[in-house]
Structures are given as C-alpha cells and as structure tokens.
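Residue numbers (the working numbering): 65 to 180. Below you'll find the structure, written out as structure tokens, and then a few comments.
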C-alpha cells in the first residue's frame with residue numbers, strides 16, 4: 065500500500081513537501097517514482113530514485129526545483145518541491161517498481177494546487 069500526503073494549495077514561488085508512506089512491500093527492493101496528472105492531461109513522470117537513494121532522475125520541467133529522496137528505515141519517499149509554478153498543479157502519484165520490473169504499485173494521489 066502506498067499513501068501520499070502533503071498536497072495542498074500553495075502560492076507560486078512557494079514550497080511543498082510530499083510524502084509517500086509504504087507498507088506491505090520490501091521497500092528497499094523497489095525503485096520509487098513520482099508522477100503527476102494535470103486536469104485533462106496524461107499522467108507524466110516527475111522524478112525517480114533508485115533503491116539505495118543514491119541515484120535520482122528528474123523530468124526537465126522540474127529539474128533544479130524538485131528533489132526526490134527516500135528513507136529506507138521509514139519506508140517512505142519524499143518529493144521536496146520548491147519555486148512552485150502554476151503549471152505544477154495536478155494530482156501527484158507515488159509509484160513503486162520492483163527491481164525485476166515485475167511488480168508496480170500506485171498510490172491514490174495527493175492534490176497540489178499552485179495559485180498564481
């Protein structure tokens with residue numbers, strides 16, 4: 065089970081920190097990712113972190129502003145979002161992908177709204 069939290073209304077230029085708490089899976093066996101979906105748009109990749117937390121990947125629109133991290137002791141992945149823009153508005157989803165790419169799990173999403 066993946067449960068996202070931290071989404072809310074924030075002003076442009078502000079910051080938010082999203083969390084995704086996991087349970088029922090061997091957390092350090094899973095690569096973790098964040099996706100987002102704006103109204104009327106397809107779900108898009110935002111950021112990813114490998115199992116150890118040492119390697120990260122970002123979509124171009126968020127590079128330099130967002131930081132993904134994980135705490136394997138707490139079975140939780142985070143997304144620190146700085147310098148928010150209105151185009152960051154959307155539902156943010158947490159995704160777990162097993163190292164062998166066999167299992168994938170999604171959270172229910174958390175709404176982020178950035179006001180201009």
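The beta-carbon is built from N, C-alpha and C at its ideal position, and this holds for glycine as well.
Excluding five sequence neighbours on each side, which residues of the same chain lie with their C-beta closer than 7 Å to the C-beta of residue i?
i: residue 70; result: 80, 81, 82, 83 and 174
i: residue 171; result: 66, 67, 68, 84, 157 and 158
Sorted by chain position, which residues of the same chain lie with C-beta nearer than 6 Å to residue i's C-beta, five sequence neighbours on each side aside?
i: residue 146; result: 79 and 129
DSSP has residue i in a bridge; who is on the other side?
i: residue 130; result: 145
Enumerate in chain order the residues of its own chain whose CB-to-CB distance from residue i is below 8 Å, with the five nearest sequence positions on each side excluded.
i: residue 76; result: 148, 149, 150, 178, 179 and 180
If residue i and residue j are in contact, beta carbons under 8 Å, what's the gap, nearest whole angstrom?
i: residue 120; j: residue 112; result: 7 Å
i: residue 139; j: residue 86; result: 5 Å
Classify residue i as buried or exposed, calling it buried when 16 or more other Cβ atoms lie within 10 Å of its own Cβ.
i: residue 136; result: exposed
i: residue 90; result: exposed
i: residue 134; result: buried
Check whether the Cβ atoms of residue i and residue j lie closer than 7 Å to each other.
i: residue 157; j: residue 99; result: yes
i: residue 155; j: residue 101; result: yes
i: residue 95; j: residue 124; result: no
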